[in-house]
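Residue numbers (the numbering used here), protein chains in the order written: chain A, 35 to 308; chain B, 35 to 308; chain C, 514 to 608; chain D, 514 to 608. For reference, the structure is listed below as structure tokens.
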Ligand SMILES: [Fe+3]
Ligand SMILES: [Fe+3]
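Here's what the structure looks like:
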């Protein structure tokens with residue numbers, strides 16, 4: 035009887051909190067995040083399922099999950115020295131356990147964590163969208179950084195599974211999905227600009243993803259978001275998989291709002307049908 | 035061009051090394067392990083793919099994989115104070131990485147570890163089967179202890195994927211699969227015998243699994259090995275999943291040798307077709 | 514997740530000799546820093562493994578406690594208590 | 514896996530302040546206990562991030578080294594060197 039009532043997608047650059055603190059509410063990042071926050075507030079979900087890629091802060095190569103569900107009553111962060119406030123946020127352990135169990139029953143090989151903190155990729159979005167930290171989260175981690183990455187269709191199917199499992203939840207509950215990540219971003223790799231440590235090497239891909247999202251062309255996105263294509267968009271380009279999993283929870287809908295920052299390699303989107 | 039040339043299944047009770055050291059080569063455990071060791075020696079595999087369930091020693095609830103491939107040049111153990119020699123054993127990182135990549139491409143959500151030690155469940159079998167520790171291993175961990183467990187058909191499919199991926203390996207290589215685990219075993223749960231801390235509550239299931247293995251009735255095994263049935267056989271009964279994944283690598287063959295220890299809840303088996 | 518904390522206590526008893534000694538010499542003090550509910554704390558200190566099992570702690574890990582008779586849990590005591598626990602598997606089987 | 518050791522070194526530089534200071538004050542001594550090949554050790558000490566990248570180290574983690582100019586890796590130096598690395602993605606794209 036629970037249901038997905040909305041979905042959101044945002045970037046999570048660790049510089050954003052300090053940037054907005056410095057430049058104020060009129061800067062572009064502040065404006066775009068405020069737009070998405072307005073939609074989150076309007077929908078007022080009971081729980082946020084967050085699709086996210088950790089950056090080797092929570093999980094490392096000694097035990098690196100492809101997919102992992104965080105089943106906990108509380109987590110905190112950022113754990114990676116991002117210059118921003120430190121927050122504690124509730125998890126929804128019963129729903130998280132239900133999603134993991136449903137996934138395993140349907141052939142998803144989901145890792146489990148009952149004890150973890152999170153990095154900027156969850157805390158930056160929450161800082162802007164739910165700074166009161168009153169909405170419990172169910173974090174679902176997708177390996178978007180360390181190839182081989184899971185395929186786009188597999189991530190979409192993960193989202194579909196989450197949608198179905200939420201429908202099976204016995205209580206009334208309004209759930210929103212949140213995707214955290216970039217479409218084109220290279221950090222520390224050969225595609226960075228001269229004199230920089232990071233860049234967005236593939237504005238064409240950002241534009242294409244934005245276009246496909248805007249028009250609800252999910253199948254085209256799944257077709258085009260191959261491992262090779264995402265890798266060409268930057269070594270962090272696999273964070274698109276979080277958006278793709280989020281789309282799996284809502285299907286071929288068009289967003290009510292979506293706006294890119296093309297030269298930053300990402301978009302801000304809100305899907306609502308209320 | 036690589037191929038699976040044989041498969042083996044054994045139990046791994048932590049008491050076995052000390053038992054055999056005490057009672058000598060004529061005791062039942064020594065005799066049965068020697069029988070399997072003879073088959074391993076006859077086949078002389080280049081690599082052993084080991085399907086195993088860790089016992090919360092290598093992985094814990096802070097990051098508990100459903101399926102994990104160990105991609106390393108070397109590991110060691112036991113890491114759980116089992117009274118037995120401590121060994122270092124080579125891993126075959128390139129093959130392990132290939133198996134993991136193949137699995138991810140085929141929709142298996144495999145965790146990765148590049149740095150881990152192992153508990154008695156790998157070291158007890160190797161102690162008896164390859165005490166020289168000259169054969170590199172590729173450990174594939176399956177959650178057999180902490181419900182919800184992966185399904186029997188999913189584990190079988192994992193084994194089939196491993197078989198297919200080994201066929202795709204570019205070099206000639208003779209690979210054997212090794213399953214480690216019990217069919218009926220309860221440790222510390224309500225089904226233990228009076229005055230004991232462990233027992234084998236389901237001799238009927240052990241007999242049934244032994245029968246199905248002996249006659250190559252893999253499909254019946256997959257049908258009957260439900261989560262409920264395995265749990266009734268004891269809270270460690272999920273270790274059967276390692277045998278089922280091993281069967282996935284060889285299909286519906288009959289073993290050349292298989293003998294149960296019914297009152298211990300397990301069997302010793304060797305599948306060869308040379 | 515305080516079930517997590519109990520499971521971890523059991524695991525740490527195996528892997529961390531210093532913690533194990535602390536559990537042996539002064540159990541209440543040893544578990545006082547842990548993130549446990551009052552019920553869990555009481556169940557541990559009275560060796561109520563049936564209650565802990567029924568509330569989700571893993572029996573494989575609980576059984577470690579008998580290796581060093583922690584919380585008064587000798588093997589016979591542990592066995593007697595856990596055998597009386599409500600077992601969800603019996604309920605599943607009855608469905 | 515000594516690629517693992519290099520990746521871990523980068524991660525530890527972020528998370529472990531003491532280790533980071535050691536890397537800053539005496540890099541050769543700080544990495545001497547690590548399980549590295551001679552080539553890796555040399556590449557690290559000379560800041561040869563192109564070589565490390567080409568041998569499998571993760572660039573996201575290597576880029577941490579510029580935060581504290583470890584191994585002489587200022588951002589301009591890092592950028593110049595990594596941009597000359599052989600990039601497997603270009604080869605994939607060409608196939
Ligand atoms: Fe990111
Ligand atoms: Fe076992």
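All C-beta atoms in this analysis are idealised placements derived from N, C-alpha and C, irrespective of residue type, glycine included.
7 Å Cβ cutoff, residue i in contact with chain C
i, result
"residue 149 of chain A", "yes"
"residue 230 of chain B", "yes"
"residue 276 of chain B", "no"
"residue 253 of chain B", "no"
Residue i, buried or exposed, once every other Cβ within 10 Å from all chains shown has been counted against 16
i, result
"residue 562 of chain C", "buried"
"residue 307 of chain A", "exposed"
"residue 60 of chain B", "exposed"
"residue 104 of chain B", "buried"
"residue 370 of chain A", "No answer is possible for residue 370 of chain A: the residues shown for chain A start at 35 and end at 308."
"residue 558 of chain C", "exposed"
"residue 206 of chain B", "exposed"
"residue 273 of chain A", "buried"
"residue 545 of chain C", "exposed"
"residue 168 of chain A", "exposed"
"residue 58 of chain B", "exposed"
"residue 262 of chain A", "exposed"
"residue 548 of chain C", "exposed"
"residue 120 of chain A", "exposed"
"residue 78 of chain A", "exposed"
"residue 276 of chain B", "buried"
Neighbour flag for residue i against chain A, beta carbons, 7 Å
i, result
"residue 575 of chain D", "yes"
"residue 175 of chain B", "no"
"residue 535 of chain D", "no"
"residue 90 of chain B", "no"
"residue 522 of chain D", "no"
Beta bridge counterpart(s) of residue i as assigned by DSSP
i, result
"residue 291 of chain B", "B:304"
"residue 147 of chain A", "A:104"
"residue 109 of chain A", "A:123"
"residue 214 of chain A", "A:44"
"residue 178 of chain B", "Bridge partners of residue 178 of chain B: none, in fact."
"residue 86 of chain A", "A:175"
"residue 233 of chain B", "B:220"
"residue 208 of chain B", "B:37"
"residue 81 of chain A", "A:209"
"residue 98 of chain B", "A:146"
C-beta neighbour in chain B for residue i, strict 7 Å
i, result
"residue 42 of chain A", "no"
"residue 591 of chain D", "no"
"residue 579 of chain C", "yes"
"residue 572 of chain C", "yes"
"residue 297 of chain A", "no"
"residue 608 of chain D", "In this predicted model, residue 608 of chain D has a pLDDT of only 46, less than 50, meaning its place in the structure is not dependable; the value taken from the coordinates is given anyway. For residue 608 of chain D, the answer is no, since every Cβ of chain B falls outside 7 Å of its Cβ."
"residue 272 of chain A", "no"
"residue 155 of chain A", "no"
Sequence-distant residues of the same chain with beta carbon closer than 6 Å to residue i, five excluded per side
i, result
"residue 299 of chain A", "216, 217, 218, 219, 234 and 240"
"residue 594 of chain D", "562 and 563"
"residue 244 of chain B", "294 and 301"
"residue 158 of chain B", "46 and 50"
Residues near residue i by beta carbon distance below 8 Å, same chain, minus five either side
i, result
"residue 222 of chain B", "231, 232 and 269"
"residue 122 of chain A", "108, 109, 110 and 167"
CB contact check: residue i to chain D, cutoff 7 Å
i, result
"residue 265 of chain A", "yes"
"residue 95 of chain A", "yes"
Nonlocal neighbours in the same chain, by C-beta distance under 7 Å from residue i, ignoring five residues either side
i, result
"residue 227 of chain A", "233"
"residue 584 of chain C", "540, 557, 558, 560 and 578"
"residue 516 of chain D", "568, 569 and 570"
"residue 527 of chain C", "577"
"residue 164 of chain B", "74"
"residue 144 of chain A", "101, 102, 103, 134, 137 and 138"
Original post:
Touching or not, the segment 38 to 45 of chain B and the segment 275 to 290 of chain B, by the rule of three or more beta carbon pairs under 8 Å?
Top reply: The segment 38 to 45 of chain B is in contact with the segment 275 to 290 of chain B.
Original post:
Counting Cβ pairs, one atom from each stretch, are 3 or more of them under 8 Å apart for the segment 107 to 119 of chain B and the segment 142 to 157 of chain B?
Top reply: Note that the segment 107 to 119 of chain B touches the segment 142 to 157 of chain B; at least 3 beta-carbon pairs, one per stretch, sit closer than 8 Å.
**OP:** Flag this pair as touching only if the segment 195 to 205 of chain B and the segment 536 to 552 of chain C have three or more C-beta atom pairs under 8 Å; answer yes or no.
**Re:** In the pairwise beta carbon analysis, the segment 195 to 205 of chain B is classified as not touching the segment 536 to 552 of chain C: fewer than three pairs are separated by under 8 Å.
**OP:** Determine, using beta-carbon pairs with one atom in the segment 129 to 140 of chain B and one in the segment 63 to 76 of chain B, whether at least three such pairs fall under 8 Å.
**Re:** Contact fails: fewer than three Cβ-Cβ distances are below 8 Å.
Subject >> Validate contact between the segment 116 to 129 of chain B and the segment 189 to 196 of chain B using beta carbons, cut 8 Å, 3 pairs >> reply: Fewer than three pairs of CB atoms, one per stretch, sit closer than 8 Å, so the segment 116 to 129 of chain B makes no contact with the segment 189 to 196 of chain B.
Original post:
What are the residues of the segment 203 to 231 of chain B that lie near chain G, defined by any Cβ-Cβ distance shorter than 9 Å?
Top reply: Among the protein chains in the structure shown, which are A, B, C and D, there is no chain G.
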